[in-house]
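K.L.:
Chains as they are written, first to last, in our numbering: chain A, 38 to 437; chain B, 38 to 437; chain C, 59 to 428; chain D, 59 to 428.
1. Closer than 6 Å by C-beta to residue 298 of chain D: which residues in its own chain qualify, once you throw out the five before and the five after it? Chain order, please.
2. With contact counted as at least three CB pairs below 8 Å, one residue from each stretch, are the segment 229 to 246 of chain C and the segment 63 to 77 of chain C in contact?
3. How long is the line joining the alpha carbons of residue 39 of chain A and residue 199 of chain D, rounded to whole angstroms?
4. Which runs of the beta strand (DSSP E) fall wholly inside the segment 159 to 230 of chain D and span at least 3 residues, in chain order?
5. Of all the options B/75, B/323, B/194, which has the alpha carbon lying nearest to the alpha carbon of residue 245 of chain B?
6. So what's residue 337 of chain A in DSSP terms, helix, strand or just coil?
7. Can you grab the Cα-Cα spacing for the pair residue 49 of chain B / residue 100 of chain B, in whole Å?
8. Between the segment 316 to 343 of chain D and chain C, which residues of the former have a C-beta closer than 8 Å to a C-beta of the latter?
9. Could you pull the start and end residues of the beta strand (DSSP E) that residue 251 of chain D belongs to?
10. So if I threshold CB-CB distances at 7 Å, which residues from the segment 188 to 212 of chain A count as touching chain C?
11. Quick check on residue 98 of chain B: does DSSP put it in helix, strand or coil?
12. From this set, A/55, A/210, A/238, A/315, which residue's C-alpha is nearest residue 186 of chain C's C-alpha?
13. Give a yes or no on whether 8 Å exceeds the smallest Cβ distance from residue 333 of chain A to chain C.
14. Within a Cβ cutoff of 6 Å, which residues of the same chain sit near residue 125 of chain C, ignoring the five residues on either side of it in sequence?
15. Which class does residue 199 of chain B belong to by DSSP, given the choice of helix, strand or coil?
16. With a threshold of 8 Å between beta-carbons, can residue 386 of chain A be considered close to chain C, or not?
17. In chain C, which residues lie with their C-beta within 8 Å of the C-beta of residue 391 of chain A?
18. If you reduce the DSSP assignment to three classes, tell me which class residue 247 of chain B lands in.
19. Would you check if the distance between the CB atom of residue 408 of chain B and the CB atom of residue 202 of chain B is smaller than 8 Å?
20. Check whether chain A comes within 8 Å of residue 155 of chain C, counting only Cβ atoms and requiring the distance to be less than that.
21. If you scan the segment 149 to 233 of chain A from start to end, which runs of the alpha helix (DSSP H) of 4 or more residues do you find wholly inside it?
22. Let me check understanding here. Comparing Cα to Cα, which of D/71, D/98, D/88 lies closest to residue 112 of chain D?
23. Which parts of the segment 290 to 340 of chain B are runs of the alpha helix (DSSP H), unbroken and 4 residues or longer, counting only runs that do not cross its ends?
24. Any C-beta of chain A sitting closer than 8 Å to the C-beta of residue 38 of chain B?
25. Please report the Cβ distance between residue 200 of chain A and residue 242 of chain A, rounded to the nearest whole angstrom; I am assuming they are in contact, meaning their Cβ atoms lie under 8 Å.
26. From this set, B/102, B/433, B/340, B/53, which residue's C-alpha is nearest residue 310 of chain C's C-alpha?
27. Figure out for me which residue from A/260, A/271, A/196, A/261 has the closest Cα to the Cα of residue 231 of chain A.
28. So, is residue 331 of chain D buried or exposed, given that buried needs 16 or more other C-beta atoms within 10 angstroms?
29. Please report how far the alpha carbon of residue 190 of chain A lies from the alpha carbon of residue 267 of chain A, in whole angstroms.
30. Report all residues from its chain with a CB closer than 8 Å to the CB of residue 420 of chain C; omit the five preceding and five following residues, and keep chain order.
31. Can you give me the C-alpha to C-alpha distance between residue 85 of chain B and residue 377 of chain B, rounded to a whole angstrom?
32. Using only alpha-carbon positions, find the residue among B/155, B/383, B/265 that is nearest to residue 332 of chain B.
33. Please report the Cβ distance between residue 293 of chain D and residue 412 of chain D, rounded to the nearest whole angstrom; I am assuming they are in contact, meaning their Cβ atoms lie under 8 Å.
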């Protein structure tokens with residue numbers, strides 16, 4: 038073990054050095070916080086180029102098989118890279134759906150030809166992926182997807198609409214959950230899962246303006262779009278199971294993600310740093326006893342989340358409800374972020390009312406972050422639904 | 038108007054003087070806060086005697102008709118008495134169900150003989166009343182009452198059980214909601230309402246120990262109890278409507294109550310006064326900036342409640358949702374009381390952990406008050422149900 | 059004993075008129091259209107308000123106004139808040155309050171009749187550090203013979219681009235002072251639009267460099283107290299209106315949108331917070347109309363307390379409602395198309411003008427506790 | 059990099075053993091029976107714990123103990139907390155910590171072997187004004203030749219009536235000091251039971267008037283810091299256990315009780331707060347086992363912060379859960395028969411011992427912010 042650790046330390050130093058030397062300079066425009074907020078071509082190209090550079094250096098997909106473009110190394114190396122990227126706060130790698138959702142899924146249950154076809158393009162950002170789960174009318178109720186895929190010769194003909202397709206305008210592929218049957222009394226059994234091409238007649242991603250005033254999402258319309266039948270992954274009618282497996286990968290519960298940083302981190306450390314220099318009512322914000330207490334409360338909450346995630350890995354300390362911590366991760370982190378970004382405005386006195394501009398504190402980053410925080414408290418099952426899930430699946434309470 | 042006000046001022050001075058001279062001395066034992074907490078004979082007799090004295094002085098039921106024992110005066114005189122009693126913090130008058138629920142109901146829809154029979158005894162505390170609405174298995178779901186009353190000659194034979202019958206051991210009468218029919222698909226239509234005697238074979242009030250450690254409630258068992266059929270008020274099957282009317286009287290929305298003080302008032306003024314003399318962590322509690330801010334928040338909330346109740350009387354300022362304020366009264370006041378009594382413990386440092394005893398701050402009144410505060414957040418429809426009611430009946434949202 | 063809340067026939071009529079006016083003149087579609095315009099309001103609406111006499115409500119009759127009280131402005135501002143109207147009405151009314159209570163006879167005679175007939179005026183009080191205490195000033199006036207040379211910057215100056223008069227706070231010989239600055243005295247390029255979170259508002263940074271006013275521009279009375287009180291009253295009233303519409307927006311969606319085959323309003327996770335918002339609204343409106351009722355009573359301590367409570371409650375409840383409005387609209391709430399963001403943005407803007415809830419609670423502590 | 063939380067095989071076995079022990083020895087029926095007894099615990103249980111070696115866990119081997127760490131006591135106390143056991147185990151363990159870190163060689167050799175074999179010892183630190191700062195003392199020791207005469211009163215002395223040794227804090231020549239007082243030195247009538255909110259606890263007021271101890275009773279080290287740390291660790295662990303059972307009690311009722319023909323657990327108004335309590339529990343346990351992990355690391359700042367966080371979180375969450383437990387049991391919750399009150403009372407007792415959440419947050423502020 039010591040020998041191994043020593044290697045890792047050397048490796049960590051190498052990574053650290055490479056990142057320091059290659060971390061791209063401030064592009065002169067405001068960067069998005071996650072792949073869901075890529076609103077301009079400029080932003081997209083900057084981030085795509087960065088991902089390519091990271092991959093070319095060998096720091097992405099390190100634990101994925103070499104035959105498809107991965108590094109074939111133990112996961113621990115990728116973990117080191119991820120940690121160093123977070124530590125140095127380099128930009129994130131934008132092909133998130135490919136790296137964390139589609140890639141692990143294809144490696145896990147795709148055919149050999151799928152792996153050959155898709156994996157490398159995911160890693161080097163040649164092929165951007167997007168996600169087609171949610172629909173405009175059914176928000177959190179994924180199982181009720183109505184987007185219709187009807188078998189027609191060697192194709193499926195797709196009609197309907199998907200929403201929240203981040204990078205939709207840039208994507209070459211979509212992981213698509215569509216309804217191939219309306220029979221049976223189980224709505225889940227009628228769903229199938231596709232690795233769908235996006236550059237097909239009848240698939241039209243239409244950018245949506247977010248509450249921040251920026252773009253970043255699409256609504257994707259399907260109008261008699263022909264998708265080759267062999268794009269289906271899993272059997273017809275097994276789409277729900279495949280989607281659930283995909284979400285397991287997304288949540289990182291089972292490993293398998295390609296790695297890399299997937300978002301610009303904002304945490305309580307940043308809020309504290311802001312509190313130390315911001316002025317509230319003309320005085321240092323940190324002088325105010327109520328501000329101090331709110332900061333302490335938020336720091337405790339952040340610490341709680343971190344310690345929970347550590348404890349989750351110790352089975353003897355999770356005997357009673359083994360899934361409580363992992364199943365609450367999104368709820369806890371997203372609600373905390375909403376709270377602390379909202380709180381950050383109150384450190385700024387009257388300037389809390391500014392928005393993205395040079396005159397605003399930190400260029401208005403906090404106001405924008407607060408608005409963007411709703412993407413996580415709403416997307417992937419709202420916080421309200423997360424609490425249902427905890428109540429029902431973890432505590433065993435009856436359905437609402 | 039000025040003439041009238043002058044009379045009132047003279048009257049107020051008289052009342053004030055009388056109360057000062059007749060306010061009973063500290064009995065040397067801890068008094069209950071409301072009629073729901075009368076746990077000992079000593080407490081009961083002390084309060085009953087006090088009510089009798091108030092009535093004999095002409096200060097109770099002042100707006101009720103003289104022919105039944107009331108004062109026959111305008112309501113404003115009783116209002117003055119109530120306000121003075123509250124101001125001087127005299128003990129409360131304990132026959133609450135009689136004075137505020139049964140009495141107004143009988144005067145409103147009772148037969149002449151009912152009025153002759155019951156009203157005076159309510160006022161002079163000769164006849165204590167209790168309430169039989171809730172049942173052990175159906176808490177807030179009054180309409181689902183299962184206590185059965187079956188017609189048998191000139192009687193109804195009652196079987197079942199009622200809970201939360203305060204003063205049950207002292208009561209001569211009960212207002213009883215019982216099921217006279219199980220037919221029909223509307224559970225409400227099977228209910229009838231009785232002015233039931235309590236000293237009848239087969240009616241057995243059994244005292245219940247409260248979370249405070251004291252007594253004050255009963256569970257009342259009915260085992261083949263014969264109640265004269267002419268005790269029914271309203272027609273058979275109209276019990277739900279009568280009960281709803283009774284609850285309107287209880288809430289004071291329509292007036293008609295006999296008056297007098299119905300509880301020992303504890304308010305934010307008392308908490309503030311406590312904060313001024315209590316020591317938290319060895320220092321004056323009021324020196325602590327977090328304590329100060331919590332106090333301010335609670336004082337604002339108390340003020341909000343008061344101002345809402347004032348505004349509720351101005352139709353032009355309640356055009357959109359005329360019932361919002363009145364229908365939320367119990368929720369607002371009971372939750373505030375729970376909050377501020379709980380907070381009061383935190384003013385006492387380590388002594389917050391004491392309980393009713395000489396060594397405790399204010400004899401442990403605050404700890405007991407906090408525990409007792411749940412009677413109002415639970416009784417008469419839990420706070421959770423109150424929010425349903427606001428959501429559904431005031432905001433027009435669909436049923437849960 | 060007078061009632062804690064009184065509401066006159068006059069106020070009631072003003073509330074009805076203003077509600078009708080704002081509903082018809084400022085539907086949310088139009089609010090959205092105006093967001094993309096430079097001025098942020100339409101001159102027709104402004105003229106209609108002038109026509110209705112609203113600009114002159116608190117202006118004395120001898121200056122061409124109606125000589126009524128601030129309590130009569132409250133229902134109008136509440137109605138405007140409901141429709142998120144981005145009108146210079148608020149700031150012009152506050153400027154006229156400053157003139158009435160702080161202006162010299164000459165200043166009053168010059169400006170008040172103009173305002174009553176539609177001249178826009180505004181206040182330039184805030185500075186870059188976002189200090190809510192109006193006494194802390196870095197903008198300075200230097201006396202130079204008969205004129206005063208100004209330096210420094212003012213921020214969050216509402217509607218400065220269309221105002222004819224700016225009432226500017228400066229430090230003059232070490233003391234705070236207010237000066238009347240006609241917009242002509244400021245080079246146009248020194249009035250720069252600011253990006254604020256509420257897109258229905260127009261705020262400007264005003265650079266005072268090189269601006270010179272005659273000594274007679276100094277106001278007779280540096281009436282920060284009056285301005286503060288008036289601002290808290292009207293801002294809180296406007297927030298009460300915004301909060302009411304936020305609740306309506308939520309309720310409408312909860313009664314329309316289905317998830318898992320049920321109207322989402324049937325879920326207590328949404329219904330109960332909606333009830334909480336309702337109670338917040340009822341509280342805020344009560345504080346606002348109480349503050350309006352006692353506003354001219356002369357009982358300073360009671361007025362201060364009432365206004366701090368009104369703004370504290372309004373800030374907390376409106377920001378909460380705006381936040382929940384976005385959340386409860388789910389995915390749609392995350393879009394610019396959803397009106398929830400309009401309310402959230404307005405809530406945040408209002409929360410951070412003239413002190414947020416923590417600030418006002420801290421101001422209340424000595425009044426209530428000591 | 060060591061993990062923030064480690065949990066050894068040994069701890070895991072202790073947790074299992076203690077859980078079994080407490081479940082079988084301390085069902086809630088029995089807890090209720092013991093409430094009405096004078097001592098509040100059964101000697102059989104105590105002897106069984108001694109038998110298991112629990113009293114000697116942290117006592118050095120040369121004094122007849124196991125020489126293990128406080129981290130090994132944590133799982134035991136957590137298990138006891140789950141069953142609301144009212145045992146002198148907590149206070150005796152804290153007293154032995156005081157002896158280990160503050161006692162003279164003689165005191166250690168005298169008392170530690172006894173404690174390891176079942177002698178009950180306790181701490182007398184608190185005074186009438188409820189001050190959580192242990193340094194502020196009004197109990198005084200006056201030196202009189204070779205003895206020290208004590209005056210003053212100590213409060214909240216756990217299990218004083220059954221303890222053989224009291225470790226008492228006094229002011230001695232103007233400095234805080236700890237003295238070992240055998241119970242024989244105190245007249246029985248000067249040990250009076252106090253009425254505390256948690257009826258499973260036995261607290262006593264100890265009047266020191268006329269009590270005299272030899273100078274050798276003074277401990278070598280006034281180790282308030284050790285006592286404070288140990289108390290926060292074990293109290294928080296016990297609270298984690300109590301909180302876990304509170305949640306279980308709530309969940310069981312929500313899965314049993316029907317209202318309006320539905321199990322009440324199907325209502326989000328109850329389900330969501332239950333989920334909140336679950337998350338509170340997971341947080342508290344995480345803080346507790348983190349604090350246990352680093353307890354002996356020597357990193358003082360980290361240990362202090364971890365303990366303040368553990369107690370702050372435990373106080374807030376347990377009090378919230380206890381309050382909600384009563385509320386969610388509806389009418390039944392209002393009765394003494396319902397177990398919700400047992401948990402609420404325990405929660406409140408624990409919240410106000412050694413500082414509540416506000417106190418610990420205030421202690422954290424300089425550690426985290428400055």
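Quick reminder that beta carbons are idealized off the backbone N, C-alpha and C, glycines included.
P.N.:
So, to answer that:
1. The residue labelled residue 298 of chain D in the question sits at position 240 within the fourth chain. These residues qualify, in order along the chain: 136, 342, 343, 346.
2. no
3. Here residue 39 of chain A is taken as the residue at index 2 of the first chain, counted from 1. Here residue 199 of chain D is taken as the residue at index 141 of the fourth chain, counted from 1. Summary for residue 39 of chain A: the model assigns pLDDT 34, below 50, so the residue's position carries little reliability; its value from the coordinates is reported in the next sentence. Their backbone Cα atoms lie some 56 Å apart in a straight line.
4. 179 to 182, 198 to 202, 205 to 209, 211 to 216, 223 to 230
5. Here residue 245 of chain B is taken as the residue at index 208 of the second chain, counted from 1. Taking only the C-alpha atoms, the option nearest residue 245 of chain B is B/75.
6. Here residue 337 of chain A is taken as the residue at index 300 of the first chain, counted from 1. Residue 337 of chain A: helix per DSSP, three-state reduction.
7. Counting from one through the second chain, the residue named residue 49 of chain B turns up at place 12. Counting from one through the second chain, the residue named residue 100 of chain B turns up at place 63. For residue 49 of chain B and residue 100 of chain B, the distance between alpha carbons rounds to 16 Å.
8. 325, 326, 327, 330
9. Against the fourth chain, residue 251 of chain D aligns to sequence position 193. First-last of the beta strand (DSSP E) with residue 251 of chain D: 249 to 251.
10. The segment 188 to 212 of chain A vs chain C, Cβ under 7 Å: 200, 201.
11. The residue labelled residue 98 of chain B in the question sits at position 61 within the second chain. The answer is coil: DSSP assigns residue 98 of chain B none of H, G, I, E or B.
12. Taking the third chain and counting its residues from 1, the one referred to as residue 186 of chain C is at position 128. Comparing Cα positions, the closest option is A/315.
13. Your numbering for residue 333 of chain A matches position 296 in the first chain. No, its Cβ sits nowhere closer than 8 Å to a Cβ of chain C.
14. Walking along the third chain from the start, residue 125 of chain C turns up at place 67. So the qualifying residues of the chain are 118, 119.
15. Translated into the one-based positions of the second chain, residue 199 of chain B becomes position 162. In the structure shown, residue 199 of chain B sits in a strand (DSSP, three-state: E or B).
16. The sequence position of residue 386 of chain A within the first chain is 349, counting from 1. It does: the Cβ of residue 386 of chain A has a partner Cβ on chain C nearer than 8 Å.
17. Along the first chain, read from residue 1 onward, the residue named residue 391 of chain A stands at position 354. Neighbours of residue 391 of chain A on chain C, chain order: 252, 253, 254, 255.
18. Counting from one through the second chain, the residue named residue 247 of chain B turns up at place 210. Note: residue 247 of chain B maps to strand in three-state DSSP.
19. For this step, residue 408 of chain B is matched to residue 371 along the second chain. For this step, residue 202 of chain B is matched to residue 165 along the second chain. Taking 8 Å as the Cβ cut-off, residue 408 of chain B and residue 202 of chain B do not qualify as a contacting pair.
20. Counted from its first residue, the third chain places residue 155 of chain C at position 97. No, no contact with chain A.
21. 149 to 160
22. In the fourth chain, residue 112 of chain D corresponds to position 54, counting from 1. Residue 112 of chain D has its Cα closest to that of D/71, out of D/71, D/98, D/88.
23. 305 to 314
24. Mapped onto the second chain, residue 38 of chain B falls at position 1. With a pLDDT of 30 at residue 38 of chain B, under the threshold of 50, the modelled position of that residue is not reliable, and the figure given next carries that caveat. Closer than 8 Å: no.
25. Within the first chain, the letter at position 163 stands for residue 200 of chain A. Within the first chain, the letter at position 205 stands for residue 242 of chain A. Cβ atoms of residue 200 of chain A and residue 242 of chain A stay farther apart than 8 Å, at about 10 Å.
26. Within the third chain, the letter at position 252 stands for residue 310 of chain C. Checking every option, the nearest Cα to that of residue 310 of chain C belongs to B/433.
27. Taking the first residue of the first chain as position 1, residue 231 of chain A is located at position 194. Nearest of A/260, A/271, A/196, A/261 to residue 231 of chain A, Cα basis: A/271.
28. On the fourth chain, residue 331 of chain D is found 273 positions in, with the first residue counted as 1. When all chains shown are included, residue 331 of chain D counts as buried.
29. As a first step, residue 190 of chain A must be located in the first chain, where it is residue number 153. As a first step, residue 267 of chain A must be located in the first chain, where it is residue number 230. Roughly 11 Å separates the two Cα atoms.
30. As a position in the third chain, residue 420 of chain C is number 362, starting the count at 1. Excluding sequence neighbours, residue 420 of chain C sits near nothing in its chain.
31. Mapped onto the second chain, residue 85 of chain B falls at position 48. Mapped onto the second chain, residue 377 of chain B falls at position 340. One C-alpha to the other measures close to 30 Å.
32. Sequence index remark: in the second chain, residue 332 of chain B carries index 295 (1-based). The shortest Cα separation from residue 332 of chain B among B/155, B/383, B/265 belongs to B/383.
33. For the purposes of this step, residue 293 of chain D is taken as the residue at position 235 of the fourth chain. For the purposes of this step, residue 412 of chain D is taken as the residue at position 354 of the fourth chain. The pair is a contact, with the Cβ atoms about 6 Å apart (cut-off 8 Å).
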